[in-house]
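*Asks:* In our numbering, the protein residues as written are 82 to 454.
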């Protein structure tokens with residue numbers, strides 16, 4: 082590891098008075114107290130984490146805070162997507178109130194996207210809004226869910242349908258925490274890295290084709306570069322369209338299909354979010370090619386790269402056998418991007434050229450899925 086690879090890189094999310102930094106690099110968890118102290122209004126931090134992450138990182142974080150004279154008050158929740166529900170929303174909110182949370186308190190999310198989304202939503206609701214900090218410990222969270230202020234929970238009707246836009250005060254992405262991830266989860270996060278290249282950065286996609294194996298091996302410089310590039314893209318999009326009135330919807334490339342797959346699976350562990358997104362991105366490019374919008378060669382490049390690193394690229398590989406197309410369409414109709422009853426798809430004119438399509442006939446999508454399923 083070179084010296085440059087050990088120095089944190091800062092990406093600024095420019096939102097006026099609500100601007101904040103994303104800091105990326107190894108060793109940030111051990112320095113958390115010094116990073117947090119300038120933001121705190123009281124000498125304590127409430128910490129929400131899950132059982133898996135707590136075993137790896139909670140004590141180290143508590144020690145880092147203690148060195149700065151900051152009291153750590155943790156709650157440990159069950160791991161898994163099903164923690165993003167009303168039951169755990171009520172549990173976490175009640176715990177904060179029982180511990181006499183104040184409007185000057187800070188709530189910190191230590192974990193992946195589930196903990197980050199739930200914690201951010203709770204922070205937005207408690208006492209009508211308290212400060213919160215994201216400390217993501219998965220690749221998916223470091224490049225996507227911890228950045229941009231989308232918070233929320235899942236319901237039986239779909240993913241992230243209840244939530245709010247609520248920005249953190251700071252994001253601390255310690256790349257060293259990624260060493261504890263199972264390879265499958267790390268790989269699922271890589272799908273979100275690829276997403277940013279496919280949306281608006283063809284040069285970055287070419288870089289990933291050459292350097293993806295180094296990223297997935299955890300080589301420090303390649304890993305940090307990939308995370309920073311993804312964060313820079315998301316920061317720019319969020320700064321231009323914080324509440325998804327337009328361009329921010331492009332960040333959902335692959336998600337309309339992917340969320341439908343997750344919902345059809347009842348959000349169980351057989352299909353991870355990043356895996357669903359990988360399949361969803363392939364479907365989005367294939368549908369684009371089918372409609373004559375995207376070169377078939379670009380669709381092949383996307384599928385080949387995702388397959389080369391071990392991600393699923395077809396509905397069959399998503400692990401359910403034959404999918405019920407009517408069920409998938411039903412979940413798509415409940416997607417947050419539906420407008421006047423029509424599903425809005427993020428499609429592509431090529432790699433790095435995503436766009437929002439509002440005029441895709443349901444019959445064309447149904448026929449496409451019937452053939453793909």
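Cβ atoms here follow ideal geometry from the backbone N, Cα and C, with glycine treated the same way. Treat the numbers as computed from the prediction; the structure is a model and nothing was measured.
Do you know whose CA, among 163, 341, 306, 127, lies nearest residue 153's CA?
*Replies:* Nearest C-alpha to residue 153: 127.
*Asks:* Which residue's Cα is closest to the Cα of residue 346: 289, 246, 240, 213?
*Replies:* For the residues 289, 246, 240, 213, the minimum Cα distance to residue 346 belongs to 240.
*Asks:* Measure the beta-carbon distance from residue 361 to residue 335 and round it to whole angstroms, keeping in mind my assumption that it falls under 8 Å.
*Replies:* Confirmed, Cβ separation roughly 3 Å.
*Asks:* How big is the Cα-Cα spacing for residue 381 and residue 430?
*Replies:* Cα to Cα, residue 381 sits roughly 14 Å from residue 430.
*Asks:* Taking only runs that begin and end inside the stretch 341–427, name each unbroken alpha helix (DSSP H) of 4 or more residues, in chain order.
*Replies:* Listed in chain order, the complete alpha helix (DSSP H) runs (minimum 4 residues) inside the stretch 341–427 are 354–371, 377–389, 406–414.
*Asks:* Take every Cβ of the stretch 362–377, pair it with every Cβ of the stretch 317–335, and state whether three or more of those distances are shorter than 8 Å.
*Replies:* Cβ pair count under 8 Å is three or more, so yes.
*Asks:* Assign residue 84 to one of three DSSP states: helix, strand, or coil.
*Replies:* Bear in mind that the predicted position of residue 84 carries a pLDDT of just 49, short of 50, making it unreliable; the figure below should be weighed with that in mind. In the structure shown, residue 84 sits in a helix (DSSP, three-state: H, G or I).
*Asks:* State buried or exposed for residue 412, treating a residue as buried only when at least 16 other CB atoms are found within 10 Å of its CB.
*Replies:* Classification of residue 412: buried, given that the 10 Å Cβ count is 16 or more.
*Asks:* Can you tell me where the beta strand (DSSP E) holding residue 102 begins and where it ends?
*Replies:* First-last of the beta strand (DSSP E) with residue 102: 101–106.
*Asks:* List the endpoints of the continuous alpha helix (DSSP H) containing residue 264.
*Replies:* Unbroken alpha helix (DSSP H) run through residue 264: 264–281.
*Asks:* Specify the secondary structure class of residue 307 as computed by DSSP and reduced to three states.
*Replies:* Residue 307: helix per DSSP, three-state reduction.
*Asks:* Below 8 Å, can you find three or more Cβ-Cβ pairs linking the stretch 246–266 to the stretch 287–304?
*Replies:* Enough Cβ pairs lie closer than 8 Å, so yes.
*Asks:* So, residue 258 versus residue 397, is the Cβ gap smaller than 8 Å?
*Replies:* No; because the gap between Cβ atoms is not below 8 Å, this pair is not in contact.
*Asks:* Is DSSP giving residue 243 helix, strand or coil here?
*Replies:* Residue 243 falls in the strand class under three-state DSSP.
*Asks:* Identify the continuous beta strand (DSSP E) that holds residue 137 and give its terminal residues.
*Replies:* Looking at the DSSP string, residue 137 is not in any beta strand (DSSP E), and its letter there is neither H nor E.
*Asks:* Between residue 84 and the rest of its own chain, which residues show a CB-CB distance below 6 Å, the 5 nearest in sequence each way excluded?
*Replies:* Note that residue 84 scores 49 on pLDDT, short of 50, meaning its location in the model is unreliable and no value can be drawn from it.
*Asks:* From residue 283 to residue 180, what does the alpha carbon distance come to, in whole angstroms?
*Replies:* Cα to Cα, residue 283 sits roughly 49 Å from residue 180.
*Asks:* Can you check DSSP and say which residues form a bridge with residue 69?
*Replies:* In the structure displayed, the chain extends from 82 to 454; residue 69 sits before or after that span and is not available.
*Asks:* Measure the C-alpha to C-alpha separation of residue 448 and residue 310 and round it to an integer number of angstroms.
*Replies:* In a straight line, the C-alpha of residue 448 is about 36 Å away from that of residue 310.
*Asks:* For residue 82, count the other beta carbons within 10 Å of its own beta carbon; 16 or more makes it buried, fewer makes it exposed. Which is it?
*Replies:* At residue 82 the pLDDT is 49, less than 50, meaning the model places this residue with poor confidence; the figure from the coordinates comes in the next sentence. So residue 82 ends up on the exposed side.
*Asks:* Between residue 273 and the ligand NAP, is the CB less than 7 Å from at least one heavy atom?
*Replies:* No copy of the ligand NAP appears in this structure; indeed no ligand is present at all.
*Asks:* DSSP three-state label for residue 432, please.
*Replies:* Correct three-state label for residue 432: coil.
*Asks:* Taking only the alpha-carbon atoms, compute the straight-line gap between residue 223 and residue 232 and give it to the nearest angstrom.
*Replies:* Near 15 Å, if we compare the C-alpha coordinates of residue 232 and residue 223.
*Asks:* Alpha carbon to alpha carbon, how far is residue 115 from residue 215? Give it in angstroms, no decimals.
*Replies:* Looking at the two C-alpha atoms, the distance is approximately 15 Å.
*Asks:* So, for residue 368: in the same chain, excluding its five sequence neighbours on each side, which residues have a beta-carbon less than 6 Å away from its beta-carbon?
*Replies:* Once the five neighbours on either side are set aside, the close Cβ partners of residue 368 are 449.
*Asks:* Please work out which residues of its chain come closer than 8 Å, Cβ to Cβ, to residue 331, disregarding the five sequence neighbours upstream and downstream, and give them in chain order.
*Replies:* The answer, listed in chain order, is 280, 281, 318, 427, 435, 436, 437.
*Asks:* Between residue 206 and residue 174, is the Cβ-Cβ spacing less than 8 Å?
*Replies:* Yes, the pair counts as a contact, with Cβ atoms nearer than the cut-off.
*Asks:* Which of the three DSSP states is assigned to residue 93 in this structure?
*Replies:* The answer is strand: DSSP assigns residue 93 an E or B state.
*Asks:* Applying the 10 Å Cβ sphere with the 16-neighbour rule, what's the burial state of residue 385?
*Replies:* Exposed, by the Cβ-count rule.
*Asks:* Beta-carbon separation of residue 406 and residue 454 under 8 Å?
*Replies:* Yes, the pair counts as a contact, with Cβ atoms nearer than the cut-off.
*Asks:* In terms of residue numbering, what span does the beta strand (DSSP E) encompassing residue 252 cover?
*Replies:* Note, residue 252: beta strand (DSSP E), 251–255.
*Asks:* To the nearest angstrom, how far is the alpha carbon of residue 230 from that of residue 373?
*Replies:* Looking at the two C-alpha atoms, the distance is approximately 35 Å.
*Asks:* Going by beta carbon distance, what residues of the same chain come within less than 6 Å of residue 255, once the five residues before and after it are set aside?
*Replies:* Around residue 255: 109, 110.
*Asks:* Looking at the secondary structure, which residues open and close the alpha helix (DSSP H) in which residue 209 lies?
*Replies:* Counting along the chain, residue 209 falls outside any alpha helix (DSSP H), and DSSP gives it neither H nor E.
*Asks:* Quick check on residue 159: does DSSP put it in helix, strand or coil?
*Replies:* Of the three classes helix, strand and coil, the one that applies to residue 159 here is coil, per DSSP.
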